[in-house]
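Just below is one structure, and these are the notes that go with it.
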């Protein structure tokens, strides 16, 4: 059983870290949520049904642990539930925590996870993800980073499946616009005035 759990950490750890970063922003809060996800998973591991999609299950656990991190930092007992949890994340971000605020940095980790996310690292995409509205950011994270179906996303964050699908599509469209604006150089042509124009 221990070997199977260790394998799950190695196989799914980077995905869980990306989800935590997308929800909480890079830095200590995301690292805490990552650690707490796997501590919770280790406790539940012996009772996990054999047919469980481990990655999807871990993403759901990561969502709960991320919300727990926010609850602890806000020192308020917010009710559990999809829409309430999204509102709690929005309030937390509004106070300058999460996303890009709160005095966090994306680098400087000294633990084994420092290289787990090397394919994105401190890539500017994290800033673009952080700039998304909360619901879009969560839908993008849970769908495209965590691989959850829209029905499960709706169950996690509240609302319907169609709303989750729309929020994810809007989020991806916004990310594409942001990335293309960052990578396409200004196409305006600078010309030197001719003798007739001067």
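In the working numbering, the protein residues as written are 250 to 447.
Glycine is no exception: its CB is placed at the ideal position from the N, C-alpha and C atoms.
### CA-to-CA distance, residue 431 to residue 373, given in whole angstroms
Straight-line measurement puts the Cα of residue 431 at about 9 Å from the Cα of residue 373.
#### Entry: Burial state of residue 378, where buried means 16 or more other Cβ atoms lie within 10 Å
Within 10 angstroms of the beta-carbon of residue 378 lie 16 or more other beta-carbons, which makes it buried.
### Query
Taking the alpha-carbon positions, what's the residue 302 to residue 253 distance?
Residue 302 and residue 253: Cα-Cα distance of roughly 14 Å.
### Task
Below 8 Å CB to CB, which residues in the same chain sit around residue 351 once its five sequence neighbours on both sides are set aside?
Reliability fails at residue 351, whose pLDDT of 38 lies under 50, so the model's placement of it is uncertain and the value that follows must be treated cautiously. Answer for residue 351: 274, 276, 278, 345, listed in chain order.
### Three-way DSSP call (helix, strand, coil) for residue 300 in this model
Three-state DSSP puts residue 300 in coil, outside helix and strand.
#### Entry: Close-in-space but distant-in-sequence residues of the same chain around residue 385 (CB under 6 Å, 5 per side omitted)
Hits under 6 Å: 416, 419, 420.
### Task
Find out if the Cβ-Cβ distance for the pair residue 391, residue 268 is shorter than 8 Å.
Yes. Within cutoff.
### Task
With a threshold of 16 other CB atoms inside 10 Å of the CB of residue 293, please say whether the residue is buried or exposed.
So residue 293 ends up on the exposed side.
### Task
Could you please give the first and the last residue of the uninterrupted alpha helix (DSSP H) stretch that includes residue 380?
Element bounds for residue 380: n/a, residue is neither H nor E.
### Query
How many Å lie between residue 263 and residue 306 at the Cα?
Near 14 Å, if we compare the C-alpha coordinates of residue 306 and residue 263.
### Task
Can you tell me which of 397, 314, 388 puts its alpha carbon nearest to the alpha carbon of residue 290?
Closest by alpha carbon: 314.
#### Entry: Where residue 401 falls, given that 16 or more other Cβ within 10 Å makes a residue buried
Answer is buried; the Cβ neighbour count reaches 16.
### Pairwise C-alpha distance: residue 339 and residue 316
The alpha-carbon atoms of residue 316 and residue 339 are separated by roughly 11 Å.
### Task
Please report how far the alpha carbon of residue 282 lies from the alpha carbon of residue 311, in whole angstroms.
It is roughly 7 Å from the alpha-carbon of residue 282 to the alpha-carbon of residue 311.
### Query
Leaving out five residues before and five after residue 413 in sequence, what residues of the same chain have Cβ atoms less than 6 Å from its Cβ?
Same-chain partners within the cutoff: 388, 399, 402, 403.
### Task
Would you please state the rounded distance, in angstroms, between the beta carbons of residue 397 and residue 308? I believe it to be under 8 Å.
The beta-carbon distance between residue 397 and residue 308, rounded to whole angstroms, is 6 Å. This is short enough to meet the 8 Å contact definition.
#### Entry: Nearest candidate by alpha-carbon position, reference residue 265, set 408, 410, 393, 429
With distances taken between Cα atoms, residue 265 lies closest to 393.
### residue 280 versus residue 411 - alpha carbon distance
For the pair residue 280 and residue 411, the Cα-to-Cα distance works out to about 31 Å.
### Short Cβ contact (8 Å threshold) for residue 375 with residue 260
It is not a contact, given that the beta carbons lie outside the stated cut-off.
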